[in-house]
Each structure stands twice: as structure tokens, then as C-alpha cells.
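Student: In the working numbering, the protein residues as written are 772 to 1158. Right, I'll just put the structure down here and ask away after.
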């Protein structure tokens, strides 16, 4: 099949990693794959090098931008429609909110291809104003009319979409975001090397977080929980993997709390390096207020690192609460800190949860399963010209 994937930008992030891995798997399966994205990057880093290696063709479309710019967006839709008409793709598969709207409109205008959209995270969510939520929900309903199939990376995305009347249930299918499970395997030697690099003393417990240093990633909640964790577990050390615009703000708050010496900032690292660094963790804490399927929970689980996360969106599909990690009520920083401290002070519990976490995730989140499921969906769509 001839397939186009369209995403707004290729920063280092879950939706982008998912898309690049999908393109690589489809290409390796013998398909002709084109990946189209805008040029924007940021302090999160860029996946363009991996994208260029993952696809048969890549197109960097300058008019594809994340912010809403009506004239430029209209130009982008026209350029995409021209590409779609010229290339005559069998499948046009869109990702992310902006590209999902603009590229599906362009595919509708161009005609000919089956259109698939993946929901990596809801475009409308509780962090937005009611008006913004209504506008995005309306746009998603419009775009769904031009869509033959909608993939949710977690069942929660389907249920939220149906509740918002985006599309009928039979339009949705869940295909969980795939992880390179062979890359995320614990290694004792790497663990020792990483902890030495961080300056972590023997006997210290490392609580890690992997996320952009950005307002919606929940660092403000982790900061609220940290003093209680440090009091309950004096030998704790925190490692924050990632970079972003709010680093200075968070460093200032750590200084105010007197916790600067207990936190390591790794800065920007590549996706492959994340796997290495997770070897050095004992616990992972994730406090994002909204996310589709938090890939970092799966990655840590594969590394036998038990996770503590807010109970929202796809988190319950990655964590079996009380068995492989802990889910706590959304926004409850006290409970977040209590569960992290409980794991910090109980090595046997960490070990048992860690073993269960890998067993829970290793098959259901395998990247090849994701690619095969997506390819099978494409085949069904192409074989059914009626829709």
C-alpha cells in the first residue's frame, strides 16, 4: 500500500515517537510510506533524524504550524491536498490535533484515499476553558465526518470521544501505543554506570520523572509532594529527564523548598538514552493532568520500575493498580507523595511490583503488534470501498 502519515511537528514526544515507529514498521513490512510534518522544533528536541530513517519519503511542510493561523492553515490544507492528489495514496493517516483537522480536510477535498486518524490525547481537555473545549469538540466532529477509521491509543480516548459525540462507536478501534520492548530491558551494569554518573550514593532510592519541563506535565504537583517524600525517605534522590521552557521556574521552586541538592536534571536526551537512564530508577512518578496513553508508564514498567501516577486517561491501562504500581486521584498531591514514599521505603514491594509491571506490559504494548494491527486495519479499509 501507498501510505501517508501527517503530524503537526516532530518534537521528542509520545505521539511523535509512536508515529515514527509506525512508519518504520510499515516500511519494513513492504509498504511505501511518506511522513509529512511541519518544521517546528523546540527545547524538547527533534525526531526528524529518526523520521528520515523511518520512512520511504519525508516532506517538511513549512506551512504546517502548531498555532492557529487561519491564512497559513488554509495554505497548508491546499498544499496537502495537492500532494494527496499527486501521490494518490491508498491511506492518509493523520496524528495530533492541528494536523488531524487540516490534513483530514485536505484529504476530503483531494478524495480517493481512505482516511485514518489516531487520537494520542484529546484535543479538548479539562485544563482548557469551556469555550475552548466546545470549539475543539466541534472541529473534531466535523473532521470525523471525513474519517473512515479512528484509532485510540487507549480505551479511555474512545469513551471520551463518544461522550462528546465525536463519532459513532463503530468508527473507533483501540490500538495501544507500541514500545520497542527489546530496547527497554533492565541491565545491572548500565544501572551502576548511570547511578554513578548521577552521583547517587549506595542505598539511595531514585525517583524518576520523564517529561517535558512544561506546565501540563505535572511537575507542579510533584513539587508539592516532594517535601513529604523527602521527610519520609531521607535517602531519596529525584531525577528529572527532559527539558523545556519551565526549567528555570522549577529550579527556583526547588531552591525555595531546599531540595536543589536532591534533584538531578539530565536535560534533553534522545529516546534511546531514556531507556538507558531508566535503569538507574527505583520508582517513576507521573503527574500529567491529561495524556492519551502515557508511554513513559509502559517504558518504566518494562524496565521493572513501579510507577505512581494520577488516575486519568490511559494510565489505568498501563498500571494494574496496587499490583504493578499505584494510581492516585487526579490532583491529590498528598496521596501521590504517600504512595511514592511507600515504595521508597519498601524494597520488596518495589521488586514485586516491578516484576509484575513488566509482565503486564511486555506483550500488550509491543511495537510490532501495534504495526500489525494498524496494517490489518488499513487492509480492511482498502478492501471495503463502500466507506
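Backbone N, C-alpha and C define an ideal beta-carbon position, used for all residues, glycine too.
For a quick check, are the C-beta atoms of residue 978 and residue 971 less than 8 angstroms apart?
Tutor: no
Student: Starting from the Cα of residue 1156, find the closest Cα among 882, 1055, 821 and give me that residue.
Tutor: 882
Student: What are the start and end residues of each continuous alpha helix (DSSP H) run of 4 or more residues lying completely inside the stretch 999-1080, in chain order?
Tutor: 1018-1028, 1042-1049, 1066-1073
Student: Near residue 1026, what residues of its chain come up, given a Cβ to Cβ distance below 7 angstroms and the 5 sequence neighbours on each side ignored?
Tutor: none
Student: Please report the straight-line C-alpha distance between residue 1123 and residue 1076, rounded to a whole angstrom.
Tutor: 10 angstroms
Student: Whose CA, out of 954, 1137, 929, lies closest to the CA of residue 1043?
Tutor: Of 954, 1137, 929, the residue nearest in Cα terms is 954.
Student: Tell me which residue opens and which closes the beta strand (DSSP E) that residue 864 is part of.
Tutor: Run containing residue 864: 862-866, per the beta strand (DSSP E) assignment.
Student: What is the residue span of the beta strand (DSSP E) that residue 982 lies within?
Tutor: Segment: none, residue 982 is in no beta strand (DSSP E) and carries neither H nor E.
Student: Which complete alpha helix (DSSP H) runs does the stretch 775-841 hold, if anything under 4 residues is left out?
Tutor: 785-799, 819-825
Student: Taking the alpha carbon of residue 923 as the reference point, which residue from 1010, 786, 848, 916 has its own alpha carbon closest?
Tutor: Closest option to residue 923, Cα to Cα, is 786.
Student: Out of 824, 848, 936, 840, state which residue places its alpha-carbon closest to the alpha-carbon of residue 832.
Tutor: 848
Student: Hey, out of 844, 1048, 937, 842, whose CA is closest to residue 888's CA?
Tutor: 937
Student: Exposed or buried, which one is residue 1066 when buried takes at least 16 other CB atoms within 10 Å?
Tutor: buried
Student: Write down the C-beta distance between residue 949 and residue 1141 rounded to the nearest angstrom, noting that I regard them as a contact closer than 8 angstroms.
Tutor: Indeed, because the Cβ distance is near 3 angstroms, the residues count as touching under 8 angstroms.
Student: By Cβ distance, which residues of its chain are closer than 7 angstroms to residue 872, with the 5 residues on each side in sequence left out?
Tutor: Closer than 7 angstroms at the Cβ level, and outside the excluded window around residue 872, lie 910, 914.
Student: Can you grab the Cα-Cα spacing for the pair residue 1225 / residue 960, in whole Å?
Tutor: Since the first residue of the chain shown is 772 and the last is 1158, residue 1225 is not available in this structure.
Student: Where in the stretch 871-915 do unbroken runs of the beta strand (DSSP E), each at least 3 residues long, occur, reported from the N-terminal end onward?
Tutor: Listed in chain order, they are 885-890.
Student: Rounded to a whole number of angstroms, what is the C-alpha to C-alpha distance between residue 774 and residue 1029?
Tutor: 53 angstroms
Student: Enumerate in chain order the residues of its own chain whose CB-to-CB distance from residue 826 is below 7 angstroms, with the five nearest sequence positions on each side excluded.
Tutor: Sequence-distant Cβ neighbours of residue 826 in its own chain, meaning closer than 7 angstroms and more than five residues away, are 794, 798, 804, 805, 806.
Student: Which of the three DSSP states is assigned to residue 955 in this structure?
Tutor: Residue 955 falls in the coil class under three-state DSSP.
Student: Quick check on DSSP: helix, strand or coil for residue 859?
Tutor: Taken through DSSP and simplified to helix, strand or coil, residue 859 comes out as coil.
Student: How would you call residue 902, buried or exposed, if buried means at least 16 neighbouring beta carbons within 10 angstroms?
Tutor: exposed
Student: Taking C-beta to C-beta, are residue 1148 and residue 920 nearer than 8 angstroms?
Tutor: Going by beta carbons, residue 1148 and residue 920 fall inside the 8 angstroms limit.
Student: Taking the alpha-carbon positions, what's the residue 846 to residue 905 distance?
Tutor: The straight-line gap from Cα to Cα measures roughly 25 angstroms.
Student: Where does residue 1105 fall in DSSP's three states?
Tutor: helix
Student: Can you list, in chain order, the stretches of the beta strand (DSSP E) that have 3 or more residues and sit fully within the stretch 1080-1148?
Tutor: 1096-1099
Student: I need the DSSP call for residue 922, collapsed to helix, strand or coil.
Tutor: Judged by DSSP in its simplified three-state form, residue 922 adopts strand.
Student: Count Cβ pairs between the stretch 1080-1090 and the stretch 1055-1071 that sit closer than 8 angstroms; are there 3 or more?
Tutor: yes
Student: Can you tell me whether residue 1105 is buried or exposed? The criterion is at least 16 other CB atoms within 10 Å of its CB, across all chains shown.
Tutor: exposed
Student: If we call anything under 8 angstroms between Cβ atoms a contact, is residue 1024 one with residue 994?
Tutor: yes
Student: Can you give the beta carbon distance from residue 929 to residue 907, rounded, assuming they're within the 8 angstroms contact cut?
Tutor: The Cβ separation is near 17 angstroms, so there is no contact.
Student: Give me the Cα-Cα distance between residue 1114 and residue 1054, rounded to the nearest whole angstrom.
Tutor: 7 angstroms
Student: Which residues in the same chain have their Cβ closer than 6 angstroms to the Cβ of residue 927, if we skip the five residues on either side of it in sequence?
Tutor: Result list for residue 927: 1084, 1085, in chain order.
Student: Give me the Cβ distance between residue 1072 and residue 1129, rounded to the nearest whole Å; I'm assuming they're in contact under 8 angstroms.
Tutor: 6 angstroms
Student: Checking the sheet assignment: what are the DSSP bridge partners for residue 944?
Tutor: 922
Student: Does the beta-carbon of residue 900 have 16 or more other beta-carbons within 10 angstroms, so that it is buried, or is it exposed?
Tutor: exposed
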